[in-house]
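Asks: Protein chains in written order, with the numbering used here: chain A, 481 to 694; chain B, 159 to 549; chain C, 7 to 294.
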Amino acid sequence: MRREIPMIVAFVAGVIIILEFFVPTLRNVAGQLQKWYLVVVAFAILVGAFNLLRMNYMKVRGRRVDWPYSIVLIVGLFAMTIVGIGWGIGQGTVFDWLFNYLMFPMSSTMFALLAFFVASAAYRAFRARTVDATLLLVAAVIVMLGQVPIGSIWVPSWWPDSLVFLTPDWLKDRIMNIFNTAGQRAILIGASLGVVSTALRILLGIERSYLGEE
Amino acid sequence: MKSAYAVLLLTVALTAAAHGQTLRTAENAAAADKAVDAGGSIDVTWAPSPDELEAEVKVLGYEVWRARRPAGDYKKLADVEAGKESYNFTDEEAENGVEYFYKVRVRGEEMSTDTAPVGPAKATREWFHPNRLNMLIAAVLLSAFILYYISQARAGKVLFIRRIAGLEAVQEAVGRATEMGKPVLFVPGIADIDDIQTIAAVTILGRVATMVAEYDASLLVPCSRSLVMSTAQEVVKEAYLEAGRPDAYRRENISYLTDDQFGYVAGVDGIMVREKPAANFYLGTFYAESLILAETGHSIGAIQIAGTAMPSQLPFFIAACDYTLIGEELFAASAYLSREPRLLGSLVGQDWGKVVILISIILGVVTAFLAQFGVEIFGRSIALEQLFVVK
Amino acid sequence: MKFVRWLADIDRRIIFVVIAVAVVVPLLFPLGMRVKVTPQTQTIYDEVENLPGGSNVLVSFDYDPAAAPEVHPMALAFLHHCFQKKHRVIIMALWPQGAQMAVSAMAEINRDFDLEYGRDYVNLGYKPGGAIVIKSLGNSFAEIFPKDMAGRSTATLPLMEDVSNLYDVDLVMDLSAGVPGITEWVIIANALFQTRTAAGCTAVSAPQFFPYLQTGQLIGLLGGLKGAAEYETVTAYAGKASPRMDSQSVAHVVIIVFILFANISYFILRRKREEGSGGPTARPPTSA
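1. Between the C-alpha atoms of B/Leu291 and A/Phe502, what's the straight-line distance to the nearest angstrom?
2. Can you find the residues in the same chain that come closer than 8 Å, C-beta to C-beta, to B/Lys233, ignoring five residues on each side of it along the sequence?
3. Looking at B/Val360 and B/Val342, is the spacing between their C-beta atoms short of 8 Å?
4. Taking all protein chains shown into account, decide if B/Val506 is buried (16 or more other Cβ within 10 angstroms of its Cβ) or exposed.
5. Kindly indicate which residue of C/Gly184, C/Val139 and C/Asp176 has the alpha-carbon position closest to the one of A/Val519.
6. Can you list, in chain order, the residues of its chain whose CB lies under 7 Å from that of B/Leu502, leaving out five sequence neighbours each side?
7. List the residues of chain B that C/Gln214 touches, going by C-beta distances under 9 Å, in chain order.
8. Measuring straight from C-alpha to C-alpha, what distance separates A/Leu617 and C/Pro71?
9. Which residues bound the alpha helix (DSSP H) around A/Trp577?
10. What is the rounded straight-line gap between the Cα of B/Ala175 and the Cα of B/Ala252?
11. Thinking just about the alpha-carbon of each residue, which of B/Met430, B/Val262, B/Ser384 and B/Ile362 is nearest to the one in B/Ala397?
12. Give me the chain A residues within the contact set of B/Arg432, using Cβ-Cβ distance strictly less than 9 Å, ordered along the chain.
13. Checking the sheet assignment: what are the DSSP bridge partners for B/Glu221?
14. Can you list the residues of chain A that B/Thr443 reaches, using a CB-CB cut of under 8 Å?
15. 8 Å is my cut-off, CB to CB: does A/Thr610 come that close to chain B?
16. By the three-class DSSP mapping on this structure, what secondary structure does B/Ala196 have?
17. Would A/Leu643 be called buried (16 or more neighbouring beta carbons within 10 Å of its own) or exposed?
18. Using a beta-carbon distance below 8 Å, is B/Ala446 in contact with chain C?
19. Going by C-alpha distance, which of B/Gln544, B/Glu268 and B/Gly230 is nearest B/Phe259?
20. When the Cα atoms are used, what is the spatial distance from B/Ala184 to C/Ser170?
21. Over what stretch of residues does the beta strand (DSSP E) that includes B/Glu185 continue unbroken?
22. Mind pulling the chain A residues with CB within less than 7 Å of C/Lys141?
23. Looking at the C-beta of B/Gly507, does it have a partner C-beta in chain A at a distance below 8 Å?
24. Our contact map puts C/Pro134 next to A/Ala522 with C-beta atoms below 8 Å; I'd like the distance itself, whole angstroms only.
25. Taking only runs that begin and end inside the region 92 to 142 of chain C, name each unbroken beta strand (DSSP E) of 3 or more residues, in chain order.
26. In whole angstroms, what separates the C-alpha of B/Ala297 from that of B/Asp480?
27. Please report the straight-line C-alpha distance between A/Leu499 and C/Asn56, rounded to a whole angstrom.
28. According to the neighbour-count rule (16 or more other Cβ atoms, all chains shown, within 10 Å of its Cβ), is A/Val676 buried or exposed?
29. Assign A/Phe606 to buried or exposed, taking buried as 16 or more other Cβ atoms, counted over all protein chains shown, within 10 Å of its Cβ.
30. Check whether chain C comes within 8 Å of B/Thr173, counting only Cβ atoms and requiring the distance to be less than that.
31. On a CA-only basis, which of C/Lys141, C/Ser146 and C/Val240 is nearest C/Ile50? Give me that one, please.
32. Is any beta-carbon of chain C found at less than 8 Å from that of B/Phe546?
33. Taking the beta strand (DSSP E) that B/Pro208 belongs to, which residues open and close that run?
34. I'd like to know if C/Ser253 contacts chain B, where contact means its C-beta is closer than 8 Å to some C-beta of that chain.
35. Using a Cβ-Cβ cut-off of 8 Å, state whether C/Pro290 counts as contacting chain A.
36. In the DSSP assignment, find the unbroken alpha helix (DSSP H) run with C/Met179 in it and report its ends.
If you want it as structure tokens, here you go:
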């Protein structure tokens, strides 16, 4: 029974949501299911927070590797929660201040790492080992030049229109809009088919891994 | 009642005349059942009063009134602000099958004028969305392919599946981690459990966990969504049970970090740098964090296997990982690793779906091309694009 | 030869330092290069321009501070344009920190306009649930957002009186750094409810949304800092993206130079190896 009930719930809910796309009469029932989902998701955030707290508390208690960082996390979690609930989260509040001057720069720093990693990965990956790799390399250089203003600076004003296809700008547009989009679309179609078939397997109870079953 | 209404109109007209001006009614008022819905709704539409457009008399707004009979007792439903090219109000409190009449009142500063009653309109519920027939056919066809091949596979037919290098390497990666006495890190993407890529990742996690349990290595699964964490805990626990090692299962190794994208990256990178896993799996939905994870993993010398159907992140994984599952290979993974006939059957069905899509694309391109040159059949353009439009 | 070997296997920290210099120097000494506006930016501009004044524009803040350097300038330029055209803006977020990003964006916008909260714009705040939230908005805003971010009842906000569901929204602008984001807005708001949808995202994610541009499911797409700079250019808004494009230009050139070095060292080493083994045609000795 532990398996059957979730599978029946998954089947009924899934079928109603799919049918609603074709059968307008089911709209209200489907709407209700969606509302339940939103409630469940809201509670899931609590589950995550409790887990996070428990894990880090155990780390501190057991004095495991790097446990002081867990204290920082616990203090941060409570500080933001108390400040947010106590004094609101609107403009000019303490929460807003913490967000702007702590969260903002720290998160941006993480994302900024990407610039460095792109450079180091490009250095390793873009080597003209084979014909394929050479094509990749040339395309990458053209797009990188075409993407920024500097790419069109070297093109003089007297450059004839008939030779526009030699500018990085023009080439970049063609690479992105034709070759890139065709490839993206092919992957998208393949992946969407995978989505349909996985969804079908879940609805019919063939795929049960999400229940913790092989 | 009728006479009272006439008197009212007359009063309005006289008041207006006394001011030397009148307010013209809203134009083209109409009421009709809201198309393809669950019932209970009637659309009332109208065009602005000419006075609003010409701005001779100031129009403040419109009101929608409803009654059961043309000259019945009208009740106000709504105020609608002026200033639009056309107006649409949906009465969502109509009873199915009951006839209603509507009036639109244009409201000025000192006077107001009603349209003649429009209707009757009846709310009805619809059982089928006609514009979506094409989608229904496509869905039924694709499902039929998948179900047919699943039944074939169940009946014992041998189905071919091509070699997927990334999946062949799973065992090698787990083996290496065991030899080195280091953990295996599994990152199930940043999407929630309602994303099919996450489900595919969790399915693969089950297989990886079984191997890890059999080899007696350790497995770390940091999650960015709490529902993914709960599911992953169940899956891994079950895998350890199946491998006969329930005692080796460590719930605390499957943890939630944060929903925040780069907070999560910071957390996972921290785990990599501290624990130095020998094998990293990145499977599921990834965005800009993909390369930050993969480069950090590369710097600690881990063997890395990635898989995603996010096309824009594939190049990063290919550049920084040892093996990458591209697009649907991720979805094929659970079938590939388990060799379970029913899963293999659904893969073959999927491929037939792809064949149908390929044929439609070719047909669409050819007909669109010919239609450009004015080729027609039975006096109609032969471009098929309308067949594929979903509303 | 030693240098070539060093170059081929360069310590990545050296690359990091050079990139840092390439990014920082143009920020301190701007070059003032002009950004060319691409069609996918122009179409968003035209859409906002051609909507009649007072139209309802929904802006979904689906990003966090991490992506802010790229996406936040888009939000500012776009909101600025909307309020300039007297459109009414409904703000919401599918990302927990998105609502806060909107607060800081509006703080900046309020300096240029005399806006009344509730009439000219509303901030409905964050709602977890991604795709399902969008789908539910097709039925009703009031049910999903009974209260706005500050806890006021949305029923009391004049703007929301005219907006009962997504059908009343004239344009959706999704500013996203990941999931939930553009895909969800396209396949639900646009495909199911025919809502006109435009989007902005980080540069790394932009290529995957190009198919939606060609099919018209997206009106336009602002990709990364460049997209933001283009929107600033086309609306003549003095934002932060345009000056930052200089940094990006120089960084791109530096990366290209690195790729060039990597390939030169690769070819020199390969030739050396081939010479060492007796040329490319020579076969390794094989035992019988």
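All C-beta atoms in this analysis are idealised placements derived from N, C-alpha and C, irrespective of residue type, glycine included.
Replies: The answer reads as follows:
1. 8 Å
2. Trp223, Arg224 and Ala225
3. no
4. buried
5. C/Val139
6. Ala311, Leu317, Ile319 and Ala493
7. Met468, Pro469, Ser470 and Gln471
8. 32 Å
9. Val574 to Leu578
10. Annotation note: pLDDT 46 at B/Ala175 (below 50); position unreliable, no value reported.
11. B/Ile362
12. Val545 and Asp546
13. B/Asp237 and B/Arg263
14. Simply none; closest approach about 11 Å.
15. no
16. coil
17. exposed
18. yes
19. B/Gly230
20. 23 Å
21. Glu185 to Asp191
22. Gln514
23. yes
24. 6 Å
25. 94 to 99 and 127 to 132
26. 36 Å
27. 37 Å
28. buried
29. buried
30. For B/Thr173, the predicted model reports a pLDDT of 49, less than 50, meaning its position is unreliable and no value from the coordinates is stated.
31. C/Val240
32. no
33. No beta strand (DSSP E) contains B/Pro208, which is instead part of the alpha helix (DSSP H) from Pro208 to Glu212.
34. no
35. Confidence at C/Pro290 is low in this model, with a pLDDT of 42, below 50, so the placement of that residue is unreliable and no value is reported for it.
36. Premise fails: C/Met179 lies in the beta strand (DSSP E), Leu177 to Ser182, not in any alpha helix (DSSP H).
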